[in-house]
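Colleague: Chains as they are written, first to last, in our numbering: chain A, 73 to 602; chain B, 73 to 602.
1) Given residue 501 of chain A, which residues of its chain have a CB within under 8 angstroms of its CB, disregarding the five upstream and five downstream residues?
2) Ignoring anything shorter than 3 residues, give me the beta strand (DSSP E) runs that lie fully in the stretch 513-568 of chain A, in order along the chain.
3) Looking at the structure shown, is residue 86 of chain A part of a helix, part of a strand, or coil, going by DSSP?
4) With a threshold of 6 angstroms on Cβ separation, who are the neighbours of residue 198 of chain A within its own chain once the five nearest residues in sequence on each side are excluded?
5) I'd like to know if residue 604 of chain A contacts chain B, where contact means its C-beta is closer than 7 angstroms to some C-beta of that chain.
6) Exposed or buried, what is residue 213 of chain B when buried is set at 16 or more other beta-carbons lying within 10 Å of its beta-carbon?
7) For residue 365 of chain B, which residues from the same chain have a beta carbon less than 6 angstroms from its beta carbon, with the 5 sequence-adjacent residues on both sides left out?
8) Taking the continuous alpha helix (DSSP H) assigned at residue 198 of chain A, which residues delimit it?
9) With DSSP collapsed to three states, give me the class of residue 429 of chain B.
10) Considering residue 136 of chain B, what are the terminal residues of the alpha helix (DSSP H) in which it resides?
11) Given a limit of 7 angstroms on CB to CB distance, which residues of the stretch 211-242 of chain A reach chain B?
12) Go through its chain and collect everything with a Cβ distance to residue 472 of chain B's Cβ below 6 angstroms, but skip five positions before and after it.
13) Please identify, using Cβ separations under 7 angstroms, the residues of the stretch 581-594 of chain B that lie next to chain A, in order along the chain.
14) Is residue 490 of chain A near the ligand GTP - that is, is its Cβ less than 6 angstroms away from at least one heavy atom of it?
15) Relative to the alpha-carbon of residue 561 of chain B, which residue among B:166, B:334, B:102 and B:459 has its alpha-carbon at the smallest distance?
16) How is the alpha helix (DSSP H) around residue 341 of chain A delimited, first residue to last?
17) Using three-state DSSP, classify residue 93 of chain B as helix, strand or coil.
18) Just checking my contact of residue 361 of chain B with residue 165 of chain B at CB under 8 angstroms: how many whole Å lie between their CB atoms?
19) Just to confirm, is the Cβ distance from residue 90 of chain B to residue 110 of chain B under 7 angstroms?
20) So, residue 470 of chain A versus residue 543 of chain A, is the Cβ gap smaller than 7 angstroms?
21) Quick one: does residue 536 of chain B have its CB under 7 angstroms from some CB of chain A?
22) Output the distance between the C-alpha atoms of residue 664 of chain A and residue 497 of chain A, rounded to the nearest integer angstrom.
23) Say whether the stretch 534-543 of chain A touches the stretch 512-523 of chain A, bearing in mind that this needs 3 or more beta-carbon pairs closer than 8 angstroms, one atom from each stretch.
24) Starting from the C-beta of residue 313 of chain A, find all residues in its chain whose C-beta is less than 6 angstroms away, skip the five residues before and the five after it, and write them out in chain order.
25) If the cut is a Cβ gap below 9 angstroms, which residues of chain A does residue 517 of chain B touch?
26) Under 7 angstroms, do residue 160 of chain A and residue 149 of chain A count as touching if we go by C-beta distance?
27) Determine the direct distance from the alpha carbon of residue 182 of chain B to that of residue 81 of chain A, and round the result to whole angstroms.
28) First and last residue of the beta strand (DSSP E) that includes residue 215 of chain B?
29) Note down the Cα distance separating residue 236 of chain A from residue 394 of chain A, rounded to an integer number of angstroms.
30) Residue 256 of chain B by DSSP, collapsed to three states: which one?
31) Would you mind telling me which residues of chain B sit closer than 9 angstroms to residue 598 of chain A, beta carbon to beta carbon, in chain order?
32) How about residue 532 of chain B and residue 550 of chain B: do their beta carbons lie closer than 7 angstroms?
33) Which stretch, first to last residue, makes up the alpha helix (DSSP H) that contains residue 398 of chain B?
34) State buried or exposed for residue 137 of chain B, treating a residue as buried only when at least 16 other CB atoms are found within 10 Å of its CB.
35) Within the continuous alpha helix (DSSP H) that includes residue 576 of chain A, where are the two ends?
36) To the nearest angstrom, how far is it from the Cα of residue 219 of chain A to the Cα of residue 455 of chain B?
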């Protein structure tokens with residue numbers, strides 16, 4: 073398939089009516105062909121109307137059929153072959169292995185959601201059978217199940233052109249739930265976005281989905297994004313990106329006549345705590361692992377370890393020296409786009425200029441390299457200065473981290489208490505060492521969505537038990553993950569049928585349990601027929 | 073126990089610092105003794121700080137211990153005995169049978185949540201075991217569970233002085249989840265509120281709960297309510313009441329630096345659709361049932377049938393005539409307070425004055441009766457006029473209903489499509505009749521949280537399969553119920569532990585599954601040990 077620069081609206085590829093632009097190769101700064109169209113507000117309305125028109129059919133479709141669509145999406149994405157990989161590399165500066173791995177993750181994610189909806193747990197079926205003879209009043213038959221909330225808007229993220237973009241976790245979980253999806257593609261990888269949308273459109277056609285089940289709209293966040301989030305038919309929003317961008321959507325959705333839920337994943341410092349025994353035993357090994365995690369993907373992960381905390385000691389000095397040595401050998405990598413590179417440089421400069429902050433090590437200079445390169449950087453500061461200065465808790469999105477040196481465990485605790493919500497928190501501890509840090513663990517766990525021990529936070533497993541979320545400001549809603557099968561819960565709402573005719577129940581609620589799913593029957597989980 | 077007029081803050085009974093007021097008996101309009109204190113903003117801060125201080129202990133407490141607290145609350149409420157019933161009757165004008173029934177419902181609800189947390193399903197435990205040999209990368213051990221979101225503010229509702237108030241469904245579900253609760257008691261039944269809070273305080277003391285686990289604050293919604301919802305430590309809000317009051321809280325919470333979820337249940341028209349065959353067969357019986365449901369509790373239910381829709385026919389005429397006859401025999405009942413009585417009279421007058429609306433029947437005149445009485449009223453209008461005039465979709469909170477006469481099934485469908493979100497929708501149908509109304513059922517089900525067949529919407533069962541919620545503007549969040557065991561989901565958030573030391577897992581995540589709860593292990597529900 074070739075890139076046409078068109079938008080996908082109501083199952084058709086249409087020229088954008090609001091001007092055109094070109095993608096940029098961040099490794100060269102050069103524009104890529106062809107010219108790409110932007111959606112007008114009128115086109116957004118058409119796409120939203122198509123999504124609304126598809127809503128009832130898509131919601132009531134059997135899980136088997138919807139699972140077939142998700143699997144077909146994965147197949148068609150793989151069938152895009154080399155052109156997808158090459159375009160994604162050209163638009164993001166990410167290497168082949170990363171793009172191919174991310175493609176596998178994206179397709180695995182689609183297939184996992186297909187498996188998940190066939191299992192039926194997501195329906196949370198609850199049946200309380202009638203008690204006609206109960207005193208003082210009989211109980212009617214009551215049956216409860218989840219169903220799709222309605223059309224969902226998904227904003228593609230810049231840093232995962234496949235796994236958090238057009239066919240990423242937000243889209244997969246919303247489609248799995250039965251919600252039509254309107255993707256606002258990220259302008260940092262528009263050709264990649266179109267190719268993936270072509271795959272979805274083909275899958276939708278082959279598996280007989282309604283035309284409005286999936287749309288791709290490109291254009292400015294301010295215009296296209298605002299029009300999408302403001303549309304009355306839209307019932308939820310998924311977003312991964314910056315705090316400023318995410319909060320704009322949160323506020324916009326809250327000001328609608330009908331407020332709607334917005335799930336924004338807005339990044340994080342991902343504090344890594346080095347406990348003394350672990351540090352004493354493994355300072356050099358920890359330093360090597362830390363720098364590897366920090367520089368993975370040129371540091372452009374929401375779970376990048378941007379903050380390291382330890383208690384001052386010869387071991388911590390060894391850790392810093394070793395980390396500095398490793399960091400100095402890191403090349404300046406190509407970042408995703410010019411805006412991210414600029415924000416990174418400015419962020420590092422801003423944090424570096426704060427009182428008490430030392431630039432302990434830097435990687436290779438970006439000067440002289442073509443493209444938008446970011447220089448790996450390790451900064452250090454005392455806990456006293458860190459706690460006193462909120463500016464130091466700003467995320468530097470890229471390969472930079474701030475090491476906070478604490479005088480004692482009390483100061484370490486105080487530094488953790490000063491933190492806002494985070495996607496992850498990590499503790500490095502020797503065997504048995506954590507037992508002495510009950511309060512520290514509790515304080516950290518209250519500030520994170522995922523707590524890791526003796527690992528690094530980059531690498532977010534797509535599985536049932538993942539929580540990629542966390543307290544504000546890491547996300548706008550601590551109650552939901554955007555990665556893993558629980559992500560589907562964001563796009564569901566229950567309905568209860570009372571005294572309903574047996575022959576009209578949807579399959580999940582039928583007496584015979586034809587889907588063979590787990591159901592809470594009179595308070596007990598069961599797969600049995602009634 | 074006697075009513076002191078004090079507030080419960082940090083486990084102690086304290087005089088309010090922002091003036092005093094008295095409760096009013098709506099049956100006489102007379103003030104009741106004693107004088108009652110209002111909380112100052114400073115006292116709100118103290119209570120919030122106490123809740124935050126209790127948060128960690130309360131969240132990490134065993135489910136057995138928290139279940140014991142909930143059961144003790146139920147026991148202590150029953151132990152309040154006759155003084156509670158008498159005070160609630162005096163403050164609300166509701167009859168003894170209703171108050172005693174509601175007390176039973178309230179205690180049953182507390183015990184049901186105790187049972188629910190012992191079962192452990194609410195924890196949604198998910199375990200994906202380590203795959204150390206997986207290629208290209210190993211999978212770490214990942215364990216996921218729900219935990220309390222943090223301090224919750226509950227606004228007591230006026231119309232259920234027990235079941236939706238101090239120890240009502242919001243409080244029970246939040247405490248069950250492990251969230252400290254700060255109740256803003258309703259000034260329509262403040263003495264009842266204090267007595268119930270005394271019972272909870274005693275239960276908390278006896279079962280060893282932290283002092284800040286439960287607080288009662290009385291005072292104005294504008295001052296005390298705003299201070300509570302604005303407090304940074306507060307993580308969620310539950311509310312049942314008017315649209316205006318609910319939306320004030322929704323907007324306030326959305327404007328906080330850290331937005332928090334607000335669950336408002338804001339009332340509903342609860343459309344009742346009379347299909348032709350059912351009407352033809354049972355017009356008189358349906359009319360009798362309808363008027364009984366309409367007048368129950370002087371119509372002061374969120375699920376009151378405020379809208380009836382049918383297709384014009386001799387049978388519909390019989391229904392209207394019969395309903396009018398029954399209604400004319402209904403007394404003007406004492407409403408909960410003067411504000412509600414006034415709003416009811418104004419609402420009925422406003423709807424009655426709209427083009428095409430006829431006042432078809434009224435009950436007994438309130439004139440000459442002491443107290444705040446509301447006159448039962450049945451209005452009728454054509455579907456054409458109804459669809460054209462949004463003012464007719466305003467709720468009249470009280471014993472009034474609007475009957476919409478449609479020319480045909482197409483107009484009936486159009487009238488349903490014109491409706492906003494509702495808590496409930498009801499269809500009366502003869503056997504097999506619904507099969508011909510697929511689109512009507514779909515349209516109605518998309519606008520409701522609960523769809524009933526051949527019943528009336530008043531009477532909300534407290535069970536697992538209940539959904540007392542619905543699309544906006546019935547509630548602010550269609551994804552959650554405020555009645556039934558699923559209500560606990562509002563106050564939970566997940567956390568994921570990755571590669572965590574086995575000896576430090578909380579009980580729900582331990583290999584041996586000591587709580588014997590259902591867990592999703594590698595994607596399959598199981599109670600087995602690992």
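We put the beta carbon where it would ideally sit given N, CA and C, even for glycine. As the structure is a prediction and not an experimental result, all values here were calculated from the model.
Modeller: Checking against the coordinates, here is how it stands:
1) 347, 349, 350, 509, 525 and 526
2) 520-525
3) strand
4) 216 and 592
5) Residue 604 of chain A lies beyond the residue range present for chain A, which begins at 73 and ends at 602; the question has no answer from this structure.
6) buried
7) 377, 528 and 530
8) Residue 198 of chain A -> not in any alpha helix (DSSP H); beta strand (DSSP E) instead, spanning 198-200.
9) coil
10) 135-151
11) 211, 212, 214, 215, 216 and 221
12) 420 and 449
13) Result list: 590 and 592.
14) Ligands in the displayed structure: none, and consequently the ligand GTP is not present.
15) B:334
16) Counting along the chain, residue 341 of chain A falls outside any alpha helix (DSSP H), and DSSP gives it neither H nor E.
17) strand
18) Not quite, the Cβ-Cβ distance comes to about 24 angstroms (not below 8 angstroms), so this is no contact.
19) yes
20) no
21) yes
22) Look at the range of chain A in this structure, 73 to 602, and you will see that residue 664 of chain A is not part of it.
23) yes
24) For residue 313 of chain A, where only same-chain residues beyond five positions count, the Cβ hits under 6 angstroms are 229.
25) Residues of chain A passing the Cβ test: 219, 567 and 569.
26) no
27) 50 angstroms
28) 214-220
29) Cα to Cα, residue 236 of chain A sits roughly 34 angstroms from residue 394 of chain A.
30) strand
31) The contacting residues do not exist; residue 598 of chain A stays about 11 angstroms from chain B at best.
32) Result no, Cβ atoms of residue 532 of chain B and residue 550 of chain B do not sit closer than 7 angstroms.
33) 386-400
34) Residue burial annotation: residue 137 of chain B is exposed, with fewer than 16 other C-beta atoms found within 10 angstroms of its C-beta.
35) From DSSP, residue 576 of chain A is part of no alpha helix (DSSP H); its letter is neither H nor E.
36) In this model, residue 219 of chain A and residue 455 of chain B are separated by some 30 angstroms (Cα to Cα).
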